[in-house]
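Student: Heads up: the sequence shown begins at 48 in the working numbering, then just goes up one per residue. No residue lacks a Cβ here, since even glycine has one placed at the ideal position from N, Cα and C. Quick caveat: nothing in here was measured; it's all calculated off a predicted structure. A single structure is presented below for examination.
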Amino acid sequence: MENPSKGPGASFIEGEHPSDPTAVWAILMGWLVAAREQITEEQARNAVTWVSDSLGIKHDDLVQAAGFIGHPDAPNLTLNEAIKHYGGDPITFTLYMVMLCGGLVATVGDADPDWLKQFDLTA
Numbered sequence: 048m049e050n051p052s053k054g055p056g057a058s059f060i061e062g063e064h065p066s067d068p069t070a071v072w073a074i075l076m077g078w079l080v081a082a083r084e085q086i087t088e089e090q091a092r093n094a095v096t097w098v099s100d101s102l103g104i105k106h107d108d109l110v111q112a113a114g115f116i117g118h119p120d121a122p123n124l125t126l127n128e129a130i131k132h133y134g135g136d137p138i139t140f141t142l143y144m145v146m147l148c149g150g151l152v153a154t155v156g157d158a159d160p161d162w163l164k165q166f167d168l169t170a
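Put into structure tokens, the structure is as follows:
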């Protein structure tokens, strides 16, 4: 990727009380994969388009991570291949997952962040 769109960096794992990156990934992946089971391909497209249009993120960069939500144009990549697309930086990849969650909330969840709670992992 020549010049990927950048987010706020690694701030979510720094500071006095750093987050566990593995837990963050588990939650985000759980939400996205579970959402894929309930949404249509068109809704996946709409979520990616919303993020791209609203946040100015390159559409093609978003599509690389949109396989999790069943975007029909997303390449069939392994997790490692997807991370490699984002310069090998798992934090950048994580930010794309966060943006996709936001896109789903905005376009499928009627802008209600509680919509994601239906996909929480249960013990």
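Is Val80 helix, strand or coil by DSSP?
Tutor: Position 33 of the sequence shown, counted from the start, is the residue given in the question as residue 80. Looking at Val80 - three-state DSSP - the assignment turns out to be helix.
Student: Tell me which residues share the same chain as His106 and place their Cβ nearer than 6 Å to its Cβ, disregarding the 5 neighbours each side in the sequence.
Tutor: Residue mapping note: residue 106 aligns to position 59 of the sequence shown, counting from 1. Answer for His106: Ser99, listed in chain order.
Student: How far does the alpha helix (DSSP H) with Asn93 in it extend, from its first residue to its last?
Tutor: Start at 1 with the first residue of the sequence shown, and residue 93 comes out as number 46. Glu88 to Leu102 is the extent of the alpha helix (DSSP H) around Asn93.
Student: Please report how far the alpha carbon of Pro55 lies from the alpha carbon of Ile138, in whole angstroms.
Tutor: Here residue 55 corresponds to residue number 8 of the sequence shown, with the count starting at 1. Here residue 138 corresponds to residue number 91 of the sequence shown, with the count starting at 1. Low local confidence applies: a pLDDT of 41 at Pro55 is under 50, so the model's placement there is unreliable, with the coordinate-based value given in what follows. Approximately 10 Å, taken between the alpha carbons.
Student: In three-state DSSP terms, what is Gly134?
Tutor: Translated into the one-based positions of the sequence shown, residue 134 becomes position 87. In the structure shown, Gly134 sits in coil (DSSP, three-state: anything other than H, G, I, E or B).
Student: Just the C-alpha distance for Pro160 and Pro122, rounded to the nearest angstrom, thanks.
Tutor: Within the sequence shown, residue 160 is the residue found at index 113, counting from 1. Within the sequence shown, residue 122 is the residue found at index 75, counting from 1. Near 27 Å, if we compare the C-alpha coordinates of Pro122 and Pro160.
Student: Rounding to the nearest angstrom, what Cα-Cα distance links Gly149 and Asn93 in this structure?
Tutor: One-based indexing of the sequence shown puts residue 149 at position 102. One-based indexing of the sequence shown puts residue 93 at position 46. Each residue's Cα considered, the two are about 12 Å apart.
Student: Please go through the same chain and pick out, in chain order, the residues whose beta-carbon is closer than 7 Å to the beta-carbon of Ala81, but skip the five residues on each side of it.
Tutor: The sequence position of residue 81 within the sequence shown is 34, counting from 1. These residues qualify, in order along the chain: Phe166.
Student: Rounded to whole angstroms, what is the Cα-Cα separation between Leu124 and Lys164?
Tutor: In the sequence shown, the residue the question calls residue 124 occupies position 77. In the sequence shown, the residue the question calls residue 164 occupies position 117. Looking at the two C-alpha atoms, the distance is approximately 27 Å.
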